[in-house]
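Beneath this line is the structure, given in structure tokens, with notes to follow.
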Amino acid sequence: MLRVEVHTRLGELELDVALEVRAGECLALAGPSGAGKTSVLRVASGLLHPDSGRVECDGETWLDTERGIDVPPEGRRCGYVFQEYALFPHLTAWQNVAYPLRGMRRSDRRERAQALLERFGIGGLSDARPRTLSGGERQRVAVARVLARRPGVLLLDEPLSALDARTRAGAARELESVLREVEVPALLVTHDFAEAARLGDRVGVVDAGRVVQDGTATELAATPRSAFVADFTGAVVLTGTAHSGRNGLTHVELDGGGRVTSTDRGEGSVAVSVYPWEIAIEPESEAAHGSAQNRLVAEVLSVTTVGNRVRLGLAAPQPIAAEITQASARALDLRTGTRVVATWKAAATRLVTM
Amino acid sequence: MRPAWFPVVLVVALAAALTFLTLPIVAIFVDSSPAQLVDALGERGALEALWLSLRTTAMALAIILIVGTPAAYLLATRSFRGKAVVVTLVELPLVLPPAVAGIALLAAVGPSGILGGAVEAAGIELALTTAGVVVALTFVASPFYVRQAMAAFAAVDRTLLDASRTLGASEARSFGRVMIPNAMPGLAAGTALALGRALGEFGATLMFAGSFQGITQTVPLAIYDRFSTEFDSALALSAVLVAVSAAILLSVKFVQGSEALGGAAS
């Protein structure tokens, strides 16, 4: 269990965050840059000293400003993966991984480092210098290096943002499996809600130094408590299997049922994304009309007023969020349990191969 | 088509600079035959001067590296009130005329200087001694190193230091294992500059330590001593100093070159 409480001024920003992460759980802090996400990681790891705060991990107190406790970073057992990975350029891959290994013979250090590199499929690169490695390889070295430390907590700062789009999907899968395997609390920060939804068991949306709402990604998308959260959660993401159809269209059989069409190309396992405001709601009885190719029967899970619009949480059966005007929400007489049809155009449907 | 005059200007400027800077050095070697050189070195005073120069420079350099490296690291990595003033004070000897540096040292730690009593009480004699030469060299050469070292430390990505700390290394260990290796090219350049400056030091040494053969007469002082009476011998000593300085410059270039290619050895 990791417990972090921070209250501190950082220039213009007033950082005020309290959070708890259970062992084996990953909490993703998502928010725009400058919101103070990275500062939370720096406080947890002891690189930043807050005006007041407490950090506890597995019953050890790492920071308690009231009692005057402030364990230095080297005493905190944090596996901190930095945004650009911060590999030591003067050391080879294996020497980077062996860096936290102390008090053992050189040959043992090398063996341990080699085993960790093998685990990430880059055993052959152990003598390579960081600058000769690709972004994906650097990330694996960085993760192997923090695991060598046997950390009590994992801290990940934008772990995927330094990677190009093609490498990112693979790196995300790898990171997911690491997060599943390690039995420690993990705290991840990202500016990308989709990344947070994918890697985090829970997501905390951070704005201007505060966690404005937290919950599962689906909860946040379906029932945002503020317009900020609604906008930040962005597109609805559904998963499925794609195959090409006629006229250059792609059909996707959604996991859990349902079928959508996209003008994007894709094959195999894909993520389908559509913005909540592109989705229109019709009563279930109505016959298909208009140009919308995608029609999914759904059940209303939640109805939330966000500013002058209404956000619907739907089960279709994958979770979908839709945004409609207050007038149409009234006209449709929507309430929890109502069955509706969510429709949107194939041209508003983006595909990303996973 | 318009003539490409600008590249011509560049080439002419470089040719002028190169001629002006190398001609005097070439002249030293042209003017002194190898036989003369060997003869001049065979003279007891000359060898003594060379040995003294190397010894005092090595000692001054050791002091500069041991004290200057942590000081430069502190200045490069911490911010505090009045830091700009501290940096300026450390760099001040750079712009001080050597004669003024010598006078200043006399006024500070000379027999009648403000700390003269304390130095004497500690049983240390500086003025007109070999130790005085080391003090003079350290005073004028250290800013060259500290300045370079500061820039070198400041250029190392601070995240590397953060990473080292979170990976279990104390700040002292991180300094040795991460900062020093990554700042090495800059530190080597600073060392070379300080070395060159110390080896060629003349004014401050003369004022503070005097010019006594075998005790305080370093090569530059020996050259000056022979200049009016034995010009050939002065020329030969100059040639030796040029050779040593060139060797230092080349070895630094070599170290930096291999850094750029293969990174520092771990």
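As they're listed, the protein sequences go chains W and S.
Add 152 to a position in the first sequence, counting from 1, and you land on the number used in my numbering.
Add 4 to a position in the second sequence, counting from 1, and you land on the number used in my numbering.
Each residue gets a CB set at the ideal place from its N, CA and C atoms; glycine is no exception.
Strictly below 9 angstroms CB to CB, what residues from chain S border residue 197(W)?
Per Cβ cutoff of 9 angstroms: 166, 169, 170.
Note down the Cα distance separating residue 340(W) from residue 195(S), rounded to an integer number of angstroms. Going from the Cα of residue 340(W) to the Cα of residue 195(S) covers about 43 angstroms.
### Query
For residue 163(S) and chain W, any beta-carbon pair shorter than 8 angstroms?
Output row for residue 163(S): interface = yes.
Exercise. Do residue 52(S) and residue 218(S) have their C-beta atoms closer together than 8 angstroms?
Worked result: Taking 8 angstroms as the cut-off, the beta carbon of residue 52(S) is found closer than this to the beta carbon of residue 218(S).
Notebook entry, point to check: Going along the chain, which residues of its own chain have a beta-carbon closer than 7 angstroms to the beta-carbon of residue 266(W), five neighbours each way excluded?
Noted result: Result list for residue 266(W): 246, 275, 278, in chain order.
Taking 8 angstroms as the threshold (C-beta atoms), are residue 356(W) and residue 344(W) in contact? Cβ distance not < 8 angstroms, so residue 344(W) and residue 356(W) don't count as in contact.
Assign residue 242(W) to buried or exposed, taking buried as 16 or more other Cβ atoms, counted over all protein chains shown, within 10 Å of its Cβ. Under this definition residue 242(W) is a buried residue.
Review point. So what's residue 313(W) in DSSP terms, helix, strand or just coil?
Key: It is coil, neither helix nor strand.
| From this set, 236(S), 197(S), 59(S), which residue's C-alpha is nearest residue 255(S)'s C-alpha? | Nearest option by C-alpha distance: 197(S).
Practice item. Figure out for me which residue from 19(S), 22(S), 61(S), 13(S) has the closest Cα to the Cα of residue 221(S). Key: Distance from the Cα of residue 221(S) is smallest, within the candidate group 19(S), 22(S), 61(S), 13(S), for 61(S).
Item to complete: Could you spell out the range, first to last residue, of the beta strand (DSSP E) harbouring residue 97(S)?
Response: Here residue 97(S) belongs to no beta strand (DSSP E), and DSSP marks it neither H nor E.
For residue 76(S), the three-state DSSP class (helix, strand or coil)
Three-state DSSP puts residue 76(S) in a helix.
Item checked: Span of the beta strand (DSSP E), counted from its first residue to its last, around residue 547(W) -> Since the displayed chain W opens at 153 and closes at 506, residue 547(W) lies outside it and no answer follows.
inquiry  = Which same chain residues end up closer than 7 angstroms to residue 64(S) when comparing Cβ atoms and leaving out the 5 residues on each side of it in sequence?
reply    = Hits under 7 angstroms: 138, 141, 142, 145, 202.
Determine, using beta carbons only, whether residue 185(S) comes closer than 8 angstroms to chain W.
-> Yes, its Cβ sits closer than 8 angstroms to a Cβ of chain W.
### Query
Between the C-alpha atoms of residue 158(W) and residue 235(W), what's the straight-line distance to the nearest angstrom?
Computed Cα separation, rounded: 21 angstroms.
Per DSSP, residue 160(W) is paired with what? DSSP, once it has assigned bridges, lists 167(W) as partnering residue 160(W).
* **Proximal residues, the segment 254-279 of chain W versus chain S, C-beta separation under 8 angstroms** => Under the 8 angstroms Cβ criterion, the segment 254-279 of chain W contributes 254.
* To do: Write down the C-beta distance between residue 398(W) and residue 451(W) rounded to the nearest angstrom, noting that I regard them as a contact closer than 8 angstroms.
  => The Cβ separation is near 31 angstroms, so there is no contact.
For residue 380(W), which residues of its own chain have a beta-carbon under 8 angstroms away from its beta-carbon, when the five flanking residues on both sides are left out?
-> Counting only Cβ-Cβ distances below 8 angstroms, and skipping sequence neighbours, we find 357, 359, 364.
Does DSSP put residue 237(W) in a helix, in a strand, or in coil?
In this structure, residue 237(W) counts as coil in the three-state DSSP scheme.
| Alpha carbon to alpha carbon, how far is residue 285(W) from residue 183(S)? | Those two C-alpha atoms are separated by around 22 angstroms.
| request: Go through the segment 135-186 of chain S residue by residue and report every complete run of the alpha helix (DSSP H) that reaches 4 residues or more, in order. | output: Correct list: 162-170, 175-178.
- Straight-line gap, residue 162(W) to residue 194(W) (C-alpha atoms, nearest Å): Pairing residue 162(W) with residue 194(W), the inter-Cα distance amounts to about 12 angstroms.
**Asked** Under a Cβ-count criterion, where at least 16 other Cβ atoms within 10 Å of its own Cβ denotes burial, should residue 23(S) be classed as buried or exposed?
**Response** Under this definition residue 23(S) is an exposed residue.
* Count the other CB atoms, across all protein chains shown, that sit within 10 Å of the CB of residue 266(S); report buried if there are 16 or more and exposed otherwise. => Note that residue 266(S) scores a pLDDT of 45, beneath 50, so its modelled location is shaky and nothing firm can be said.
Nonlocal neighbours in the same chain, by C-beta distance under 7 angstroms from residue 94(S), ignoring five residues either side
Cβ neighbours of residue 94(S) beyond the five flanking positions: 147, 150.
Could you tell me which chain S residues have their CB closer than 9 angstroms to the CB of residue 337(W), listed as they occur along the chain? Annotation: residue 337(W) has no Cβ neighbours in chain S at a cutoff of 9 angstroms; minimum Cβ distance is about 16 angstroms.
- Quick one, are the C-beta atoms of residue 431(W) and residue 472(W) less than 8 angstroms apart? The answer is yes: Cβ separation under 8 angstroms.
Might you give, ordered along the chain, the residues of its own chain that have their beta carbon closer than 7 angstroms to the beta carbon of residue 287(W), omitting 5 neighbours on each side? Counting only Cβ-Cβ distances below 7 angstroms, and skipping sequence neighbours, we find 314, 315, 316, 319.
Using a threshold of 8 angstroms, state whether the C-beta atoms of residue 280(W) and residue 233(W) are closer than that.
By the CB criterion at 8 angstroms, residue 280(W) and residue 233(W) fall outside the cutoff.
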